[in-house]
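**Q** Provided herewith is a single structure, encoded as structure tokens, for subsequent inquiry.
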Amino acid sequence: MKLYSTLDRGVVDIIPNKEGEVSIYSCGPTVYFRMHIGNIRAYVNWDILHRALVYLGYDVKRIMNMTDVGHMTSKDDFGDDFGEDKVDKQAQKEGIQPLDIANKYIETVLEDFRNLNILAPNGSEITSEIIYMDVNKYGWTRATEYIEEMIEMIKKMEKNGYTYETKQALYFDVSKLKDYTIFTGQDLSEKEVGVREEVGVDSDKRNPADFVLWMKRVGKYKEHIMNWESPWGNGFPGWHIECSTMSTAIFGEYFDIHTGGVDHIPVHHTNERAQNIGAYGHPSVKYWIHNEWLVNKEDLKISKSRGGADTLPEIVQLGFNPMDLRYLFMSINYRTRISFSKEALEGARNARLALIRRLKELGKEEGNVIEKYKEDFKKELENNLNISGVLALVNDLLKSDYPKEDILATVYDIDRVLGLDLESENNKEDESTDEIKDLLEIRQEARKKKDFKESDRLRDLIYEKGYRVLDTSTGQEVKKIDE
Ligand code: AMP
Ligand code: ZN
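Here is the structure:
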């Protein structure tokens with residue numbers, strides 16, 4: 013398998029530490045808001061990677077964190093130390109305990125993952141029975157459950173001379189690590205001391221790039237709800253230490269792949285790498301793999317504060333199926349930026365529906381997977397997850413002269429990686445005629461424009477033609493009226 017390794021600055025052969033087994037740590041959500049479609053892009057990408065590795069025969073050991081403490085709001089690329097703790101702040105805003113905030117939003121993560129066919133980190137399907145209390149069983153790690161391990165890891169860094177303490181925090185001293193900026197090649201001396209707000213907050217901080225390992229419950233954080241005892245006083249961990257600790261607590265000092273968005277390269281992953289070296293004397297991650305951004309029409313990264321229809325329920329509200337979003341994100345390589353627009357999503361929907369229509373023409377008979385296509389499919393996956401190649405392959409397959417049932421079996425097999433639920437889509441009873449479908453589409457447009465008068469008229473018209481329309485959370489559903 014070849015993937016783009018950020019540190020190697022190129023596509024490389026992935027050679028796992030243990031033959032046949034791949035360990036992957038994926039930076040997961042900070043659970044204080046419903047994730048937006050930018051986050052979803054990242055998770056769809058890594059779901060495809062996970063499924064591809066399983067398909068290729070690897071034993072995948074994967075974990076993902078749920079950040080439920082210590083992730084601070086930031087004003088710039090560096091400043092995530094002296095903002096406010098996102099979870100703690102939201103708890104104060106909603107007037108409930110931080111743990112309840114985390115649990116509430118973990119539920120929404122599970123719901124969105126389930127609707128998008130994203131597997132749990134341990135490879136299980138997410139059913140509605142899985143709730144926040146079970147997340148450990150399914151391969152998620154919650155930061156608040158690893159505080160002791162974090163303290164132990166920080167102690168190692170301290171012993172190895174990588175830290176210093178001020179009245180407010182314990183810091184990682186980046187000047188102790190020669191290749192600290194290996195990811196970006198940035199010259200740290202260019203950053204003026206004093207330009208950042210937090211230097212003003214802690215005047216004993218030596219270098220703007222030094223980052224917090226342990227924040228003390230003093231000054232600005234006197235009222236911080238979540239806090240634990242530590243050798244550096246009562247307080248809470250920094251954000252970066254969480255991922256370094258959870259990954260190595262589970263995999264040990266070495267593991268294969270670490271995933272995250274490109275936004276994590278200059279700070280979060282730079283700091284994770286520094287901490288691993290600080291504690292263990294060597295890096296822990298063999299390959300850092302990053303997904304490009306989902307951007308809006310103005311080419312700005314989709315983020316929480318931008319507003320607009322950017323959560324899955326909002327997308328569904330617009331009349332799309334979650335699988336349309338999955339199709340859009342899945343169909344573009346993880347290293348390519350995606351510019352998000354309704355038009356792009358409509359394009360994905362059309363492509364997905366056309367695919368399903370074609371499958372319906374092939375019938376429902378069971379057949380055999382065509383080996384030639386299976387081999388070609390594997391080659392595309394091994395080639396840095398070349399999904400556009402996969403889609404071309406599927407097109408070619410659908411046009412081929414193989415027996416219909418074998419084509420179908422092969423598409424279903426490929427869908428083990430794509431995760432579009434094609435088999436159940438094909439088996440869904442489809443009662444409506446083309447005319448009804450057209451009317452539904454027009455009605456959908458009317459609803460999008462909030463033209464409810466027109467939408468009601470069309471509903472009645474469809475009713476006259478013998479079908480009842482139901483507006484559900486996943487869009488319009490149509491049922492034949494029994495005579
Ligand atoms: P956060 O909860 O902010 O830590 O983000 C969770 C994951 O989503 C991280 O791996 C981010 O890199 C990723 N992410 C956030 N925004 C975007 C975006 N607009 N496009 C792609 N990935 C994103
Ligand atoms: Zn992380």
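Just so we're aligned, residue 13 is where the sequence shown starts under my numbering, counting upward by one. Glycine is no exception: its CB is placed at the ideal position from the N, C-alpha and C atoms.
1) Would residue 269 and residue 60 qualify as a contact pair, given that the criterion is a beta-carbon distance under 8 Å?
2) Who are the near neighbours of residue 411 in its chain, counting only those whose CB is closer than 8 Å to its CB and skipping five residues on each side?
3) Does the beta-carbon distance from residue 24 to residue 72 come in below 8 Å?
4) Please say whether residue 189 and residue 225 have beta carbons closer to each other than 8 Å?
5) Near residue 127, which residues of its chain fall below 7 Å by C-beta distance, leaving aside the five closest residues on each side in sequence?
6) If you drop the 5 nearest sequence neighbours on each side, which residues of the same chain put their C-beta closer than 7 Å to that of residue 252?
7) When DSSP labels each residue in this structure, what does residue 196 get in the three-state scheme?
8) Helix, strand or coil for residue 271? Go by DSSP, reduced to three states.
9) Can you tell me where the alpha helix (DSSP H) holding residue 385 begins and where it ends?
10) Near residue 106, what residues of its chain come up, given a Cβ to Cβ distance below 8 Å and the 5 sequence neighbours on each side ignored?
11) Are residue 75 and residue 262 close, meaning C-beta to C-beta below 8 Å?
12) Could you check if residue 109 is buried or exposed, using at least 16 other CB atoms within 10 Å of its CB as the buried criterion?
13) In chain order, what residues place their C-beta within less than 6 Å of a heavy atom belonging to the ligand AMP?
14) Would the beta-carbon of residue 428 fall within 8 Å of that of residue 67?
15) Quick one: what does DSSP say residue 210 is sitting in, helix, strand or coil?
16) Count the other C-beta atoms from every protein chain shown that fall within 10 angstroms of the C-beta of residue 464, then say buried if there are 16 or more, exposed otherwise.
17) Assign residue 103 to one of two classes, buried (16 or more other C-beta atoms within 10 Å of its C-beta) or exposed (fewer than that).
18) Which residue from 460, 386 and 367 puts its Cα closest to that of residue 329?
19) Is any heavy atom of the ligand ZN found at a distance shorter than 7 Å from the C-beta of residue 83?
20) Alpha helix (DSSP H) containing residue 233: first to last residue?
21) Would you call the CB atoms of residue 497 and residue 124 closer than 8 Å?
22) Would you decide whether residue 139 is buried or exposed? Buried here means 16 or more other CB atoms lie within 10 Å of its CB.
23) Using only the alpha-carbon positions, how far apart do residue 122 and residue 55 sit?
24) Using a 10 Å radius around the Cβ and a threshold of 16 neighbouring Cβ atoms, would you call residue 493 buried or exposed?
25) Taking the beta strand (DSSP E) that residue 226 belongs to, which residues open and close that run?
26) Suppose you measure from the CA of residue 430 to the CA of residue 81; what does that come to, to the nearest Å?
27) Just to confirm, does residue 439 get its C-beta within under 7 Å of one of the non-hydrogen atoms of the ligand FMN?
28) How far does the alpha helix (DSSP H) with residue 425 in it extend, from its first residue to its last?
29) Does any heavy atom of the ligand ZN sit closer than 7 Å to the C-beta of residue 504?
30) Only counting the same chain, and skipping five residues up and downstream in sequence, which positions put a Cβ closer than 6 Å to that of residue 426?
31) Using a threshold of 7 Å, is the CB atom of residue 48 nearer than that to any non-hydrogen atom of the ligand ZN?
32) Quick check: the region 131-146 against the region 231-248, are there 3 or more CB pairs under 8 Å?
33) Cα separation between residue 200 and residue 277?
34) On the premise that residue 218 lies in contact with residue 191, defined as a C-beta separation below 8 Å, what is that separation, rounded to the nearest angstrom?
35) Considering just the uninterrupted stretch of the alpha helix (DSSP H) at residue 335, what are its terminal residues?
36) Under 7 Å from any heavy atom of the ligand ZN, does the C-beta of residue 148 make it?
**A** The structure says:
1) no
2) none
3) no
4) no
5) So the list reads 324 and 334, once near-sequence residues are dropped.
6) The beta carbon of residue 252 is closer than 7 Å to those of 223, 280, 283, 284 and 287 in its chain, skipping five residues each way along the sequence.
7) Coil, per DSSP.
8) strand
9) 383-394
10) 113
11) yes
12) exposed
13) Going by the Cβ distance cut-off, the answer is 39, 41, 42, 50, 51, 53, 54, 272, 273, 275, 276, 303, 305, 306, 313, 314 and 315.
14) yes
15) Here the model assigns residue 210 a pLDDT of 46, short of 50, so the residue's position is not dependable, and the following value carries that caveat. It is helical.
16) exposed
17) buried
18) 460
19) For the ligand ZN, not one heavy atom lies less than 7 Å from the Cβ of residue 83.
20) From DSSP, residue 233 is part of no alpha helix (DSSP H); its letter is neither H nor E.
21) Outside the displayed span of the chain (13 to 495) sits residue 497, for which this structure offers no information.
22) exposed
23) 12 Å
24) Exposed is the call here.
25) Residue 226 -> beta strand (DSSP E) spans 223-228.
26) In this structure, the alpha-carbon of residue 430 lies about 33 Å from that of residue 81.
27) In the structure on display, the ligand FMN does not appear, and the ligands it does have are the ligand AMP and the ligand ZN.
28) 416-430
29) Only positions 13 to 495 of the chain appear in the structure, and residue 504 is not among them; the question remains open.
30) 389
31) No, the beta carbon of residue 48 sits no closer than 7 Å to any heavy atom of the ligand ZN.
32) With contact defined as three or more Cβ pairs closer than 8 Å, the region 131-146 and the region 231-248 are not in contact.
33) 15 Å
34) About 19 Å; that fails the 8 Å criterion.
35) 334-342
36) Checking the Cβ of residue 148 against the ligand ZN gives no.
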